[in-house]
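Colleague: Using the working numbering, read the sequence shown as starting at 111 and increasing by one per residue. Here a beta-carbon is modelled for each residue, glycine too, at the ideal position from N, C-alpha and C. If you're wondering where the values come from, they're calculated on a predicted model, not measured in any experiment.
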Amino acid sequence: MEKLMILATTDVHGCVYAHSYADGSTLGLGLSRFSSAVKEYRSKGETLVLDNGDILQGTPLLTVANKTPHKHLLSQILNHIGYDAVNLGNHDFNFGHEVYRRYLRDLVAPCLTSNILDHESSIGHSKLIRTAGDKFVALIGVCTDYVPHWEKPAHIRNLTFLDPIETVRKEIARLRPYADAVVVMYHGGLERDPHSGSSTERPTGENVGYVLACLDGIDVLITGHQHRSFVAEINQTLVTQSTFNAKEFVEITIDFDLDVKCTARIIPMDAFERDEAIEEIARPIEIETQKWLDQPLGSVEGPSLKVDDSFLARLHKHPLVSFINQVQLEVSHAQLSAVALFNNTTGFNPDITMRDIVSTYIYPNTLVVKQIDGKTLKQFLEKCAEYFSLRDDRIIVNPQYDEPKPQHFNYDMVDGVDYTINVSNPIGSRIQDLRYKGKIVSESDIFTIVMNNYRAVGGGDFMMIPSLPTVSEINRDMAEILAETIQKHKRYRVVHQDNITVIR
Numbered sequence: 111m112e113k114l115m116i117l118a119t120t121d122v123h124g125c126v127y128a129h130s131y132a133d134g135s136t137l138g139l140g141l142s143r144f145s146s147a148v149k150e151y152r153s154k155g156e157t158l159v160l161d162n163g164d165i166l167q168g169t170p171l172l173t174v175a176n177k178t179p180h181k182h183l184l185s186q187i188l189n190h191i192g193y194d195a196v197n198l199g200n201h202d203f204n205f206g207h208e209v210y211r212r213y214l215r216d217l218v219a220p221c222l223t224s225n226i227l228d229h230e231s232s233i234g235h236s237k238l239i240r241t242a243g244d245k246f247v248a249l250i251g252v253c254t255d256y257v258p259h260w261e262k263p264a265h266i267r268n269l270t271f272l273d274p275i276e277t278v279r280k281e282i283a284r285l286r287p288y289a290d291a292v293v294v295m296y297h298g299g300l301e302r303d304p305h306s307g308s309s310t311e312r313p314t315g316e317n318v319g320y321v322l323a324c325l326d327g328i329d330v331l332i333t334g335h336q337h338r339s340f341v342a343e344i345n346q347t348l349v350t351q352s353t354f355n356a357k358e359f360v361e362i363t364i365d366f367d368l369d370v371k372c373t374a375r376i377i378p379m380d381a382f383e384r385d386e387a388i389e390e391i392a393r394p395i396e397i398e399t400q401k402w403l404d405q406p407l408g409s410v411e412g413p414s415l416k417v418d419d420s421f422l423a424r425l426h427k428h429p430l431v432s433f434i435n436q437v438q439l440e441v442s443h444a445q446l447s448a449v450a451l452f453n454n455t456t457g458f459n460p461d462i463t464m465r466d467i468v469s470t471y472i473y474p475n476t477l478v479v480k481q482i483d484g485k486t487l488k489q490f491l492e493k494c495a496e497y498f499s500l501r502d503d504r505i506i507v508n509p510q511y512d513e514p515k516p517q518h519f520n521y522d523m524v525d526g527v528d529y530t531i532n533v534s535n536p537i538g539s540r541i542q543d544l545r546y547k548g549k550i551v552s553e554s555d556i557f558t559i560v561m562n563n564y565r566a567v568g569g570g571d572f573m574m575i576p577s578l579p580t581v582s583e584i585n586r587d588m589a590e591i592l593a594e595t596i597q598k599h600k601r602y603r604v605v606h607q608d609n610i611t612v613i614r
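Written out as structure tokens, the structure is:
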């Protein structure tokens, strides 16, 4: 009986250990557990192990590891586990060329990402592998070409992102004649419901997995990026996605005896014990990370910065938002400041350590100051106001910000102006009583506004922002800026601005 087993991870986001960096609690996740899973599967038969990208960003361990100049930690870990091939995701470019190049250089496994060119040469290449039973499997890897809408230009300089659909189509035409099965890894998600086919988002091109699944010649399509968990069949193609932070993986079986029959299931990572060998590889950097996290910075005075209810923290602007905006205004000297609370933000205790900072501000964002007129400012705020919706006469989160992927980080709250969001009004007409220093903002008024680099390049479909004049850039991680501010003052006073009113 000729079968091939494939185990695929995606959106690992730097989760090596099975513990929380916020409080040290044990979690049912991590590459340490996955290593045990791989050993178990390989003891039973031929097993191919793949990763679908977004592995280099997401935990304090990786923040430290990415700054460590020698052999990349994740390369060592993936080599030990015995990965057979990898793909790159959008977050793998967050730290610039040096980090992802070092990761790929130190890996034994080849990179498959074939739709990204570095100085006109593809970063990765499709691969034709031969199984123990003399069957041939084509492996193709592509990444969403939407990366330039999010990433700092310096991090992707000289990179060209090709259309993943056209790339896969060409690779299928080239490899299908020689392959018994074709497996595509796409670091992107589905723009339609995998079961009903109904549209789930605006057709921006960020996610084109449904279109890919409808191409002829693909047996298995491994998707990611959206942090969803499903197995589906689209156009006779098996389509999978497992969730983020190495909480689970996809087990795919290709049966060559019955023509080619592909099946899959999602396997929770907590079904496996931790592999001490993996944790030992990471130990030196883990020790350094824990020392860094426990570094006391200072304290804050004023209202509590702990977030107990994330929805209420956005509905009634939380003091944590005022604090971050206050720091951004101080460091940038802009008139206005925009910030979002990230998914699952917990906030700060009065006495703050670096652990509090990186648990709350989880992305390696820098700051950009833009010049904005009153008309565009209102457009920006109208886009933010789409976050809310009404159900049974109650204000709720717009379901599009929850499904298919949580995107609460795309609701910005702006300090420096006062405004009201009337959720009963149609989208695009919700901002009322927009004032700067008590005066109604006119379309021709000119301001400076500071925001993170993700938003400055239009991340979150804020397409009115990228073309605005750039006044200045502050090329330091926001987490470092917050830490330095607290260290400098020792007792930093937060002045909460209750300047946003959300009504129905």
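I'd like to check one pair, V507 with I462: are the Cβ atoms closer than 9 Å?
Modeller: Residue 462 sits at position 352 when you count from the first residue of the sequence shown. Residue 507 sits at position 397 when you count from the first residue of the sequence shown. Their beta carbons are not under 9 Å apart, which means I462 does not touch V507 by this criterion.
Colleague: Which partner residues of C125 appear in the DSSP bridge assignment?
Modeller: Locating residue 125 in the sequence shown gives position 15, where the first residue counts as 1. Its beta-bridge partners do not exist; DSSP assigns none.
Colleague: According to DSSP, simplified to helix, strand and coil, what is F557?
Modeller: Mapped onto the sequence shown, residue 557 falls at position 447. Note: F557 maps to strand in three-state DSSP.
Colleague: For L114 and F433, what's the separation of their Cα atoms in angstroms?
Modeller: Within the sequence shown, the letter at position 4 stands for residue 114. Within the sequence shown, the letter at position 323 stands for residue 433. Spanning the two alpha carbons is a distance of roughly 53 Å.
Colleague: Assuming L114 is part of the alpha helix (DSSP H), what are its boundary residues?
Modeller: Walking along the sequence shown from the start, residue 114 turns up at place 4. Careful: L114 lies outside any alpha helix (DSSP H), inside the beta strand (DSSP E) at K113 to T119.
Colleague: Between the stretch 167-179 and the stretch 389-402, are three or more C-beta pairs nearer than 8 Å?
Modeller: yes
Colleague: Suppose contacts are defined by Cβ-Cβ distances below 9 Å. Is Y296 in contact with G334 by that definition?
Modeller: Within the sequence shown, numbered from 1, the residue matching residue 296 stands at position 186. Within the sequence shown, numbered from 1, the residue matching residue 334 stands at position 224. Yes. Within cutoff.
Colleague: Since S146 and R375 are thought to touch, with beta carbons under 8 Å apart, how far apart are those beta carbons, to the nearest angstrom?
Modeller: In the sequence shown, residue 146 corresponds to position 36, counting from 1. In the sequence shown, residue 375 corresponds to position 265, counting from 1. 18 Å between Cβ atoms; not a contact.
Colleague: For Y602, which residues does DSSP report across the bridge?
Modeller: One-based indexing of the sequence shown puts residue 602 at position 492. Paired residues: V410.
Colleague: Between A566 and K480, how many whole angstroms is the CB-CB distance? I'm expecting something under 8 Å.
Modeller: Residue 566 sits at position 456 when you count from the first residue of the sequence shown. Residue 480 sits at position 370 when you count from the first residue of the sequence shown. Sure, about 6 Å apart at Cβ, within 8 Å.
Colleague: Taking the C-alpha atoms as reference points, what is the distance between F557 and M588?
Modeller: The sequence position of residue 557 within the sequence shown is 447, counting from 1. The sequence position of residue 588 within the sequence shown is 478, counting from 1. C-alpha of F557 to C-alpha of M588: approximately 22 Å in a straight line.
Colleague: Does DSSP put H428 in a helix, a strand or coil?
Modeller: Indexing the sequence shown from 1 puts residue 428 at position 318. Note: H428 maps to coil in three-state DSSP.
Colleague: If contacts are defined as beta-carbon pairs under 8 Å, then L439 and D525 qualify, I think. What distance do you get, rounded to the angstrom?
Modeller: Numbered from 1 along the sequence shown, position 329 holds the residue referred to as residue 439. Numbered from 1 along the sequence shown, position 415 holds the residue referred to as residue 525. Right, their Cβ atoms sit about 7 Å apart.
Colleague: Does DSSP put F519 in a helix, a strand or coil?
Modeller: In the sequence shown, residue 519 corresponds to position 409, counting from 1. Of the three classes helix, strand and coil, the one that applies to F519 here is helix, per DSSP.
Colleague: Since I believe V122 is in contact with D164 (beta carbons under 8 Å), could you give me their beta-carbon distance rounded to a whole number of angstroms?
Modeller: On the sequence shown, residue 164 is found 54 positions in, with the first residue counted as 1. On the sequence shown, residue 122 is found 12 positions in, with the first residue counted as 1. Correct: roughly 7 Å between the Cβ atoms.
Colleague: Can you tell me where the beta strand (DSSP E) holding F144 begins and where it ends?
Modeller: In the sequence shown, counting from the first residue as 1, residue 144 sits at position 34. F144 -> not in any beta strand (DSSP E); alpha helix (DSSP H) instead, spanning L141 to R152.
Colleague: Is it the case that the Cβ atoms of R338 and G299 are separated by a distance below 9 Å?
Modeller: Indexing the sequence shown from 1 puts residue 338 at position 228. Indexing the sequence shown from 1 puts residue 299 at position 189. A Cβ-Cβ contact shorter than 9 Å links R338 with G299.
Colleague: What is the DSSP secondary structure of F366, counted as helix, strand or coil?
Modeller: Along the sequence shown, one-based indexing puts residue 366 at 256. It is coil, neither helix nor strand.
Colleague: What first and last residue would you give for the alpha helix (DSSP H) that runs through T399?
Modeller: Counting from one through the sequence shown, the residue named residue 399 turns up at place 289. That run of the alpha helix (DSSP H) goes E386 to L403.
Colleague: Would you tell me roughly how many angstroms separate the C-alpha atoms of E583 and N563, rounded to the nearest one?
Modeller: Position 473 of the sequence shown, counted from the start, is the residue given in the question as residue 583. Position 453 of the sequence shown, counted from the start, is the residue given in the question as residue 563. Their backbone Cα atoms lie some 9 Å apart in a straight line.
Colleague: So what does Q336 bridge to, in DSSP terms?
Modeller: Sequence index remark: in the sequence shown, residue 336 carries index 226 (1-based). Partner(s): none; Q336 has no beta bridge.
Colleague: What is the C-beta distance between M523 and K427, in whole angstroms, given that I count them as a contact (C-beta under 8 Å)?
Modeller: Mapped onto the sequence shown, residue 523 falls at position 413. Mapped onto the sequence shown, residue 427 falls at position 317. Yes, they are in contact, since the Cβ atoms of M523 and K427 sit about 5 Å apart, within 8 Å.
Colleague: Between Y213 and the rest of its own chain, which residues show a CB-CB distance below 7 Å, the 5 nearest in sequence each way excluded?
Modeller: Start at 1 with the first residue of the sequence shown, and residue 213 comes out as number 103. If we look at Y213 and ignore the five residues flanking it on each side, its Cβ neighbours are L166, H182, L184 and S185.
Colleague: Can I187 and V126 be called in contact, C-beta distance under 9 Å?
Modeller: The residue labelled residue 187 in the question sits at position 77 within the sequence shown. The residue labelled residue 126 in the question sits at position 16 within the sequence shown. Going by C-beta atoms, I187 is nearer than 9 Å to V126.
Colleague: Would you check if there are 3 or more beta carbon pairs closer than 8 Å linking the stretch 314-326 to the stretch 254-272?
Modeller: In the pairwise beta carbon analysis, the stretch 314-326 is classified as touching the stretch 254-272: at least three pairs are separated by under 8 Å.
Colleague: Tell me the rounded alpha-carbon separation between T578 and I482.
Modeller: Along the sequence shown, read from residue 1 onward, the residue named residue 578 stands at position 468. Along the sequence shown, read from residue 1 onward, the residue named residue 482 stands at position 372. For clarity, residue 578 is Leu in the given sequence; the question names Thr instead. If I take the Cα positions, the gap works out to 7 Å.
Colleague: D365 to L331, Cα distance in whole Å?
Modeller: In the sequence shown, the residue the question calls residue 365 occupies position 255. In the sequence shown, the residue the question calls residue 331 occupies position 221. Their Cα atoms are separated by approximately 16 Å.
Colleague: Helix, strand or coil: how does DSSP classify S442 here?
Modeller: Stepping through the sequence shown from its first residue, residue 442 is reached at position 332. Helix at S442.
Colleague: What residue range is occupied by the uninterrupted beta strand (DSSP E) comprising Y529?
Modeller: Translated into positions along the sequence shown, residue 529 becomes position 419. Element bounds for Y529: D528 to N532.
Colleague: Counting C-beta neighbours from all protein chains within 10 Å, is the total for F421 16 or more, i.e. buried, or is it exposed?
Modeller: In the sequence shown, the residue the question calls residue 421 occupies position 311. F421 is exposed by the Cβ-count criterion.
Colleague: Sort out for me which residues DSSP pairs A342 with in a bridge.
Modeller: To locate residue 342, count along the sequence shown from 1; it is residue 232. Answer by DSSP bridge pairing, in chain order: V349.
Colleague: Candidates D255, Y511 and S414: which alpha carbon is nearest I275's?
Modeller: Against the sequence shown, residue 275 aligns to sequence position 165. Among D255, Y511 and S414, the Cα nearest to that of I275 belongs to D255.
Colleague: Taking E361 as the reference, which of I377, L141, R603 and G134 has the closest Cα?
Modeller: One-based indexing of the sequence shown puts residue 361 at position 251. Nearest option by C-alpha distance: I377.
Colleague: Quick one: residues in its chain with C-beta nearer than 6 Å to the C-beta of Q445, no 5 flanking neighbours on either side, listed in chain order?
Modeller: As a position in the sequence shown, residue 445 is number 335, starting the count at 1. Result list for Q445: G526, F557 and T558, in chain order.
Colleague: Identify which residue in G568, A242, V247 and A593 has its Cα closest to the Cα of R152.
Modeller: For the purposes of this step, residue 152 is identified with residue 42 of the sequence shown, where counting begins at 1. For R152, the nearest C-alpha among the options comes from A242.
Colleague: I think I596 touches L407, with their Cβ atoms under 8 Å apart; what is that distance to the nearest whole Å?
Modeller: Indexing the sequence shown from 1 puts residue 596 at position 486. Indexing the sequence shown from 1 puts residue 407 at position 297. With a Cβ gap of about 4 Å, I596 and L407 count as contacting.
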